[in-house]
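If you read the protein sequences in the order shown, they are chains A and B. Numbering of the first sequence is given in my numbering, commencing with residue -3 and proceeding in unit increments. Numbering of the second sequence is given in my numbering, commencing with residue -3 and proceeding in unit increments. Just so it is clear, CB atoms sit at the ideal spot from N, CA and C, and this is done for glycine as well. What follows is a set of notes on a single structure, which appears directly below.
There are 2 protein chains.
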Amino acid sequence: MQNKDYSYYAIIVAGGKGKRMNQDLPKQFLRINHLPILMHTIKAFHHHTYQPQIILVLAETDVAYWKSLLQQYQFDVPHQIAFGGDERFDSVKNGLDLIHEENAVVAVHDAVRPLVSSETISRCFDTAVLKGNAIAAVASKDSVRRITQKGNEALNRAEIYLIQTPQTFQINQLRKAYKQSFQSHFTDDAAVVEKAGFDISIEKGDQFNFKITFPEDLILAEAILKSRT
Amino acid sequence: MQNKDYSYYAIIVAGGKGKRMNQDLPKQFLRINHLPILMHTIKAFHHHTYQPQIILVLAETDVAYWKSLLQQYQFDVPHQIAFGGDERFDSVKNGLDLIHEENAVVAVHDAVRPLVSSETISRCFDTAVLKGNAIAAVASKDSVRRITQKGNEALNRAEIYLIQTPQTFQINQLRKAYKQSFQSHFTDDAAVVEKAGFDISIEKGDQFNFKITFPEDLILAEAILKSRT
C-alpha cells in the first residue's frame, strides 16, 4: 500500500547501446506492437497506482531521437531526462542526482524490461518502504552451474535467484552506495548497495519481466503483449 | 559430424506429473500449434541428421493416453517406451536399461523442451563423442543471487550458466553414474555423472530451448513456432 510519507520515483535506465542485438538501433527503441519498447516500459510505471515520478536516463546522443519519437507517437507521459554515463553505474548515479527529497523510494528499472507487472512494482515499492530495499527476482527453473578454475560445478538450484528489476531502494541507501567508486562486479544496483553495507531483500518478480537482449526476445515480448489484449 | 563408430540415442524424459501448471493434463501433452508438446520434442530428434534412436520415458499411467494420441495425430515416429519412476533419476535409469550397446552416445532430453534446435543437438552429440559428455547451457542474462544462511549474496554473473538439455553422454558414463543411489541434489543428469567422478563439459544451448513450466511458457512457445513457419 502506498505510504504517503514517501515520494515515489522510477529511474528508467536506457543509457546502453545494445551490443548484443543484430540491429543498429539501441534495443530500447525497437518497436513491439508498434510502440518503442521504452514507451511500454515508461507506461508500466506511469499507469501504476502509486504514480511514481519518472526519470529517464538516456545516452546524450539519443536524446534528439527520443524527442522525435515523442512527437511521432504523441507520447506525453511527463518525465525528466538524465544523461547516461560510460557504465550502467554512472547512468543510475546521474538519474539519482535529479532527486532532491529525503523521504523518497526509488525503483531503478531496465528500459528493456517492458513487461513488468503492476503487482511486481507494488511489491518492490512496499517492501523497500518496510525494509530499505527490494529486488525483483525469480527462482531458477533450470539447473545452474558455475565456472571454476578447474572446470565447473553444480550449484544448489533451490538457492539460486535470477535477478530482475525493479530494484527499489530508500533514497539514503542509493545515495550512500553511489558515492562508492565503480567496480566491475557492479552488474546491478543490488550489488552496489550490498557493497555499501546494506542487506538485500529479494521480492517476487515475474516470468514475463525478462530483459530484451536477443532478437528472439522481441518475438516473445510481442506474443505476450498480443495475448494480453 | 556424425561418428560412425557410435550409435546415437535420445532418451526423452516425460515421466513427470507437472505440478506447476494450472492444468490437469501433464504438461508434455498440452498442445502448441495443435500438436502435443511431446510430439514436437520427439520430432526435433527424429528429424536430426544423426537419426538417433528414440526412447521415451512415460509414467506408466500415461501410456494408454499416449497411444490414443499416437492414433489421433497419426504420429508414426518409431520409439521405444520405458516407464517413469518416482524421481527423474529413476526415469532416466529405466530408459537407459533399454540400451545394450557399448559404443553409444545418449542425449537425455526434457520432454517439455520442444524448441531445441538441430544445431544444439549436433553440438552436444559431437562434444560428447570427443570429451565424454556435453551439457547444453546458456549464460545468465540476469544478475544472480544465492540464498545463504545470513540472507543472500551476489554471485559473479560471468561465471553462471543456466543448464538445459540435451545432456549428452557416452553410455559408459551414464551406466556408472546411474548405479549410484538417488540423492536429492540430482536435479539433472550432469549432477549424477559429476558425482560419479566425471568432469562435465558445457556446450552452447539456445535461448529458445526453454523448459515449459508455467502457463505463460505455452504462449511463448506458440509464438516462436509461428514465427518459424
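For the putative contact between residue 134 of chain B and residue 151 of chain B, defined by C-beta atoms under 8 Å, what is the C-beta separation to the nearest angstrom?
At roughly 16 Å, the Cβ-Cβ gap does not stay under 8 Å, so residue 134 of chain B and residue 151 of chain B are not in contact.
I'd like the list of long-range same chain contacts for residue 87 of chain A, defined as Cβ closer than 6 Å, with 5 residues on each side in sequence excluded.
So the qualifying residues of the chain are 9, 11, 53, 80, 81.
Taking Cβ positions, are residue 33 of chain B and residue 24 of chain B nearer each other than 7 Å?
With contacts defined by Cβ atoms closer than 7 Å, residue 33 of chain B and residue 24 of chain B form a contacting pair.
Classify residue 106 of chain B as buried or exposed, calling it buried when 16 or more other Cβ atoms lie within 10 Å of its own Cβ.
Buried: at least 16 other Cβ atoms inside 10 Å.
I need the DSSP call for residue 61 of chain B, collapsed to helix, strand or coil.
In the structure shown, residue 61 of chain B sits in a helix (DSSP, three-state: H, G or I).
Using the Cα positions of residue 92 of chain A and residue 43 of chain B, report the straight-line distance between them to the nearest angstrom.
Taking the straight line joining both Cα atoms gives about 54 Å.
I'd like the list of long-range same chain contacts for residue 153 of chain B, defined as Cβ closer than 6 Å, with 5 residues on each side in sequence excluded.
Annotation for residue 153 of chain B: 136, 139, 140 place their beta carbon closer than 6 Å to its own, counting only its chain and skipping 5 residues before and after.
Look up residue 149 of chain B in the DSSP assignment and give the residues it is bridged to.
Residue 149 of chain B has B:142 as its beta-bridge partners, per DSSP.
Against chain A, with Cβ distances strictly below 7 Å, would residue 15 of chain B count as a contact?
Low confidence applies to residue 15 of chain B: its pLDDT is 48, below 50, so where it sits in the model is not reliable enough to give any reading.
Decide yes or no for the touch test of the region 161 to 176 of chain A against the region 119 to 129 of chain A: beta carbon pairs closer than 8 Å, at least 3 of them.
Yes: at least three Cβ pairs fall under 8 Å.
The region 183 to 195 of chain B / the region 202 to 222 of chain A touching (three or more Cβ pairs under 8 Å)
Fewer than three pairs of CB atoms, one per stretch, sit closer than 8 Å, so the region 183 to 195 of chain B makes no contact with the region 202 to 222 of chain A.
Might you give, ordered along the chain, the residues of its own chain that have their beta carbon closer than 6 Å to the beta carbon of residue 85 of chain A, omitting 5 neighbours on each side?
Same-chain partners within the cutoff: 178, 182.
At a Cβ threshold of 7 Å, is residue 224 of chain A touching chain B?
Using beta-carbon distances, residue 224 of chain A does not count as an interface residue toward chain B, since no partner is under 7 Å.
Spell out the partners DSSP gives residue 200 of chain A in its beta bridges.
DSSP output for residue 200 of chain A lists A:133 as bridge partner(s).
Whole runs of the beta strand (DSSP E) within the region 37 to 122 of chain B, excluding any shorter than 3 residues
Scanning the region 37 to 122 of chain B for uninterrupted beta strand (DSSP E) segments of 3 residues or longer gives 49 to 54, 76 to 79, 100 to 106, listed from N- to C-terminal end.
Would you mind working out which of B:27, B:7, B:6 sits nearest residue 221 of chain B, comparing C-alpha positions?
The candidate whose alpha carbon is nearest that of residue 221 of chain B is B:27.
Quick check on residue 217 of chain A: does DSSP put it in helix, strand or coil?
In the structure shown, residue 217 of chain A adopts helical secondary structure according to DSSP, grouped into three states.
Can you check whether the C-beta of residue 179 of chain B is within less than 7 Å of a C-beta belonging to chain A?
No, no contact with chain A.
For chain A, check one thing: does any of its Cβ atoms lie closer than 7 Å to the Cβ of residue 155 of chain B?
True, the Cβ-Cβ gap to chain A drops below 7 Å.
Proximity below 7 Å, CB of residue 6 of chain B to CB of residue 74 of chain B
A distance of 7 Å or more separates the beta carbons of residue 6 of chain B and residue 74 of chain B.
Measuring only between beta-carbons, confirm whether residue 147 of chain A sits less than 7 Å from chain B.
With 7 Å as the cut-off, residue 147 of chain A counts as an interface residue toward chain B.
Which residue from A:128, A:198, A:168, A:132 puts its Cα closest to that of residue 147 of chain B?
The alpha carbon of residue 147 of chain B has as its nearest neighbour, out of A:128, A:198, A:168, A:132, the alpha carbon of A:198.
Just to confirm my understanding: we take residue -1 of chain B, look at its own chain, exclude 5 residues before and 5 after, and list those with CB closer than 6 Å. What are they?
Counting only Cβ-Cβ distances below 6 Å, and skipping sequence neighbours, we find 125.
Hey, residue 90 of chain B and residue 1 of chain B: beta-carbon distance below 7 Å or not?
With respect to the 7 Å criterion, residue 90 of chain B and residue 1 of chain B are not classified as neighbours on the basis of their beta carbons.
Per DSSP, the bridge partner or partners of residue 224 of chain A:
DSSP, once it has assigned bridges, lists no residue as partnering residue 224 of chain A.
Distance CB(residue 40 of chain B)-CB(residue 112 of chain B) smaller than 7 Å:
With respect to the 7 Å criterion, residue 40 of chain B and residue 112 of chain B are classified as neighbours on the basis of their beta carbons.
Three-state secondary structure (DSSP) at residue 21 of chain B?
Correct three-state label for residue 21 of chain B: coil.
In whole angstroms, what separates the C-alpha of residue 63 of chain B from that of residue 215 of chain B?
Rounded to the nearest angstrom, the two C-alpha atoms are 26 Å apart.
For residue 101 of chain A and residue 174 of chain A, believed in contact at Cβ under 8 Å, the rounded distance:
Contact flag wrong, Cβ pair sits at about 16 Å.
Using the three-state DSSP reduction, which class does residue 170 of chain A fall into: helix, strand or coil?
Shown here, residue 170 of chain A sits in a helix according to DSSP, grouped into three states.
Residue 183 of chain A: contacting residues in chain B (beta-carbon distance under 7 Å):
What residue 183 of chain A touches in chain B: 139, 153.
Where the alpha helix (DSSP H) through residue 186 of chain A begins and ends
That run of the alpha helix (DSSP H) goes 185 to 191.
List the residues of chain A that residue 216 of chain B touches, going by C-beta distances under 8 Å, in chain order.
Residues of chain A with a Cβ closer than 8 Å to the Cβ of residue 216 of chain B are, in chain order, 216, 219, 220.
Just checking: is the beta-carbon of residue 204 of chain A within a distance shorter than 7 Å of some beta-carbon in chain B?
For residue 204 of chain A, the nearest CB of chain B lies under 7 Å from its own CB, placing it at the interface with that chain.
Please classify residue 16 of chain A as buried or exposed, where buried requires at least 16 neighbouring CB atoms within 10 angstroms.
In this prediction, residue 16 of chain A scores a pLDDT of 47, lower than 50, which makes its location untrustworthy; the coordinate-derived value is nonetheless stated afterwards. Classification for residue 16 of chain A: exposed.
With DSSP as the reference, please indicate the residues paired to residue 157 of chain A in a beta bridge.
The bridge partners DSSP lists for residue 157 of chain A are A:135, B:141.
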